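Numbering (our numbering), first residue to last: 80 to 153.
Worksheet: the structure to be examined is printed underneath.
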């Protein structure tokens with residue numbers, strides 16, 4: 080079973096799931112294309128990023144977990 084994504088999950092961990100990328104883009108998470116963030120993917124926590132950019136963390140995390148669960152069912 081895959082570990083659930085939480086506010087403490089790093090962006091690097093989220094990006095290990097390709098099905099999550101469109102959701103990050105949908106929520107306008109700028110870090111996936113930011114050159115500075117590329118070097119810090121293993122340290123940037125999803126909750127911190129969401130707060131910094133005014134993104135609804137609860138909604139984002141819910142959608143990410145749903146995408147991972149859906150992929151696991153296929």
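Glycine included, each C-beta is placed from N, C-alpha and C at the ideal position.
The model shown is predicted, which means the values in this text are computed figures rather than measured ones.
Item, Value
"I need the boundaries of the alpha helix (DSSP H) containing residue 134, first residue and last residue.", "Per DSSP, residue 134 belongs to no alpha helix (DSSP H) and is neither H nor E."
"Any idea if residue 93 is buried or exposed, counting beta-carbon neighbours within 10 angstroms, 16 or more meaning buried?", "buried"
"Distance, Cα to Cα, residue 80 vs residue 115?", "Since pLDDT at residue 80 reaches only 47, below the 50 mark, its modelled position is unreliable, and the value read off the structure follows with that caveat. Cα to Cα, the separation comes out at about 32 Å."
"Anyone know if the C-beta pair for residue 123 and residue 84 falls short of 8 Å?", "no"
"Distance check for residue 113 and residue 133, CA to CA, integer angstroms please.", "17 Å"
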